[in-house]
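These notes concern the structure reproduced below.
Chains as they are written, first to last, in my numbering: chain A, 162 to 780; chain B, 9 to 374.
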């Protein structure tokens, strides 16, 4: 029975319709392929003469023009990275013919290392046969001259002028500016390959990498006439390339030099910040390396030597170095005590020389045998009394302590405009559960109060925290780019700064109290760093805190003089400081690896840096 | 136990292929590799990698030729949903230089959009097989959803060329199922009215390509370059061509993308109008033979699916051929089985495996 509106299926009729549709489709295909064939016939048979002529005359090719890379200056306009004209040797495989024979003959004329020759042959085989491949960058003048004389022996090989990146200050800014290097396949994954048509170099590290897209510029196009073999005859038109932007950094080159000089060749790291806005005035990781060899391709041996150097010059200690903060964490712990209402500056804690958790055997020691007696905040900070901070950490509890420390950026990258920043470790039960799958033990809270145990900070994090102590508790992101310039006659455009956040401290008086206690470290009668003040005639007051990160545990009663230990067993010496206390314009973090104690080694370095900056920049 | 044995015999017996169709496909692949050798300036690594890809496609063809159409029909919803799931993963985990197209599956990369060229027609054909035909609006609406969702996802990747092909592959099934002409006319009219809206949805570079297509000479060193150089390559080939590997347009790098989208221009330049006609005849034979097999299939599923697969190949040929001769705008559609790269060679050959399974079934059940 047939229900109205619900037709029955009729397989036979369906099949007939569908076969008819297939036929319709076939006729359509025939017709449209006919149209296509007719189009080919029109082009290839009827218009052959026209297109044949155009093909013969087709000698105009578009060639990329590589833009000049943006220059990099310090905050006062000193040139930190520039481009110098240089010559390189390019070869086109299909014109060369016998690659190995050519390389062998070429080595009679120019110096070419074995690995350089291998790399060229490999690169040449990987490219299409008519694309030029660089044989050698930065030819010497003698090489250019010798090649010019012998040029007839090398068909398909040409000297090509280009701009070579140069870092005039050598190793002084390697960890800030980084370097450019030859473009490889992975770079083209990251960047838009079309923008790098014809380019040879790309930012590999540091500022050169972070701001690659701004430094690189816009490639131009040149229309050139070529002959039937594709050889260049003349230039018929061009759309110029646009050079990359010039960048002005927050760095002060003179201060950077003063920082490096202050280290007197010792390994370590230092960061100098303007606490008011987060500008990085100097950033040094020592020892450093010369970035210039990386530009034209550093040799395998030279690179291995850098990699295997035990003091690790390639390692950026400021960003990636993980240090135990030691006593430099104490100002932050003290601030937590005041700010969360557990202490007033006048409250005292009794130091007997050994602190014990109730019901536990283990003793946590002060550095002075017999203890420091009753100490308030100022005395505890000035003499770096561990017991004061043991007790405070226990009173805070690890959860509260950890949460408060997080306000100062510990345990997360600062977000500086350089790649590869480490997070460090902000100790907390959650962190320990996640990282080690272990519960938190009460004793670990005790030593967290003096920056030991699981604590790991980068120099940059500690510098950021110090800047916050100086600027009223506002988180400022450390940054290196101050301004940019689109072309040499355009005005400098200042980089927009992120809106300053709110202070993380509830009462400015608490910060002032902590700052005053840090002044006592240097200016007080019992301060741990008072000794170094005699070397300086300042005219302003500095707030600071020493730290000596342990490398060996003090198990014996014998007091050890850290400065007498063998070099590689010595502690890391740390010092944080800001000045002038009344209106801070500079915040400094210094760490000396294997440097002995913070007061005797790190503090003088930091003071020399501060003095160099404030003397040059009166308010 | 005996059923296991039976299954084994099913998979390892003599190949069930349609010999004329297979020979034509092999001839086309041979032409493709020959032209690729010329287009790649003799770089054998390019040729070998394309040969390997074709080999994978042939394996897929032989395997799919053995899958009974009835089983494919029953699996259709699962195949479709699995492909759709992969497609949804692409925006999250996908990689690619100009947008996210590829998905990394542990050992190799796949392009879910390519798989959709098979999944969509299989799904639509399987769905229509159970409905009263010719389809009415309700059924058509479901078909539109089956086709539209993946098409929209692919177009947003953005990959307009593949999205268009996926859409076409599904629409062909509906057309071949016997959709009434007046409904087709009505929808076509509505689409024409909606075209201005579509124009606003296009990406800038698609609009630019379209404008360039209308007047390539206006911008001879920018976007118009491709069209002009391609036409010069084709036209200067003449009747007999310049000879294998002798095309100056490709050799001197005037012709852009001469191993991929513009490879047919290299063929036209090297082998002339005669070569073009021979290859077009080969395509016509493959399409005609496939339509013939489809028309003789047992059920709606087989007939509509077979027709759709044949017509999809035709769309490739028409769009790519139209592009290189300046008849159609530049859309990234390769010349099937000749262009280098992509997974399209694999899916195309797999599609012909399905066509051959229709033929095998017809022969055995007769």
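Note that CB positions come from ideal geometry on N, CA and C, so glycine has one too. From a predicted model like this one, the values you see are computed outputs, not experimental measurements.
TODO: Determine the contact status of residue 433(A) and residue 749(A), defining contact as a CB-CB distance below 8 angstroms.
DONE: yes
Task: Element boundaries [beta strand (DSSP E), containing residue 336(A)] - done: No beta strand (DSSP E) contains residue 336(A), which is instead part of the alpha helix (DSSP H) from 335-338.
Task: Neighbour list for residue 208(A) in chain B, Cβ cutoff strictly below 8 angstroms - done: 243
TODO: Using a Cβ cut-off of 8 angstroms (strictly closer), state whether residue 385(A) contacts chain B.
DONE: no
Task: Residue-level contact to chain A via CB, residue 57(B), 8 angstroms cutoff - done: no
Open item on the list: Whole angstroms are fine: how far does the CA of residue 51(B) sit from the CA of residue 256(B)?
Closed with: 17 angstroms
Task: Short CB-CB distance (under 8 angstroms) between residue 762(A) and chain B - done: no
TODO: Determine whether the Cβ of residue 286(B) lies closer than 8 angstroms to any Cβ atom of chain A.
DONE: no
TODO: Look up residue 642(A) in the DSSP assignment and say whether it is helix, strand or coil.
DONE: strand
Open item on the list: Helix, strand or coil, according to DSSP, for residue 632(A) in the structure here?
Closed with: coil
Task: Interface positions of the region 306-319 of chain B facing chain A (Cβ-Cβ less than 7 angstroms), listed along the chain - done: 308, 311, 312, 315 and 319
Open item on the list: With DSSP as the reference, identify every bridge partner of residue 297(A), one or two as the case may be.
Closed with: 250(A)
Open item on the list: Can you confirm whether residue 72(B), when its beta carbon is compared against all beta carbons of chain A, has any partner nearer than 8 angstroms?
Closed with: no
Open item on the list: Just to confirm my understanding: we take residue 68(B), look at its own chain, exclude 5 residues before and 5 after, and list those with CB closer than 7 angstroms. What are they?
Closed with: 354, 357, 358 and 361
Task: Classification of residue 192(B) by the beta-carbon crowding that lies within 10 angstroms, buried from 16 upward - done: exposed
Task: Proximity of residue 525(A) and residue 493(A) at Cβ, strictly below 8 angstroms - done: no
- [ ] Just mark residue 264(A) as buried or exposed, buried being the case when its beta carbon has 16 or more other beta carbons within 10 Å.
- [x] buried
Task: Among 349(B), 294(B) and 218(B), the one whose alpha carbon lies nearest that of residue 783(A) - done: The structure shown does not extend to residue 783(A), since chain A is modelled only from 162 to 780, so the question has no answer here.
Task: Straight-line gap, residue 728(A) to residue 762(A) (C-alpha atoms, nearest Å) - done: Interpretation of residue 728(A) is limited by its pLDDT of 47, a score under 50 that renders its predicted location unreliable; the figure taken from the coordinates is listed afterwards. Straight-line Cα distance between these residues: approximately 13 angstroms.
Open item on the list: I'd like to know whether the C-beta of residue 257(B) is nearer than 8 angstroms to at least one C-beta of chain A.
Closed with: yes
- [ ] Could you tell me the distance, in whole angstroms, from the CA atom of residue 99(B) to the CA atom of residue 29(B)?
- [x] 38 angstroms
- [ ] Give a yes or no on whether 8 angstroms exceeds the smallest Cβ distance from residue 379(A) to chain B.
- [x] no
Open item on the list: Could you check whether the Cβ of residue 322(B) sits closer than 8 angstroms to any Cβ belonging to chain A?
Closed with: yes
Open item on the list: I'd like to know whether the C-beta atoms of residue 343(A) and residue 361(A) end up nearer to each other than 8 angstroms.
Closed with: yes
Task: Per-residue contacts from residue 175(A) into chain B (C-beta, under 7 angstroms) - done: 141, 186 and 308
TODO: May I ask you to list the residues that DSSP assigns as paired with residue 435(A)?
DONE: 440(A)
Open item on the list: Which residue wins for smallest C-alpha separation from residue 582(A), given the options 589(A), 596(A) and 619(A)?
Closed with: 619(A)
Task: Cutoff 8 angstroms: residue 333(B) Cβ touching any chain A Cβ - done: yes
TODO: For the region 474-482 of chain A and the region 418-431 of chain A, state whether three or more C-beta atom pairs, one from each stretch, are separated by less than 8 angstroms.
DONE: yes
Open item on the list: Taking a contact to mean a Cβ-Cβ separation below 8 angstroms, would you say residue 705(A) touches residue 543(A) in this structure?
Closed with: no
Open item on the list: If we define contact as Cβ-Cβ less than 8 angstroms, is residue 188(A) a contact residue for chain B?
Closed with: no
Task: Contact with chain A by residue 303(B), beta-carbon distance below 8 angstroms - done: yes
- [ ] Check each residue of the region 578-595 of chain A: if its Cβ is closer than 7 angstroms to any Cβ of chain B, include it; give the result in chain order.
- [x] none
- [ ] Give the C-beta separation of residue 335(A) and residue 451(A) to the nearest angstrom, bearing in mind that I take them to be a contact with Cβ-Cβ under 8 angstroms.
- [x] 7 angstroms
TODO: Using three-state DSSP, classify residue 615(A) as helix, strand or coil.
DONE: coil
TODO: Give me the Cβ distance between residue 281(A) and residue 294(A), rounded to the nearest whole Å; I'm assuming they're in contact under 8 angstroms.
DONE: 7 angstroms
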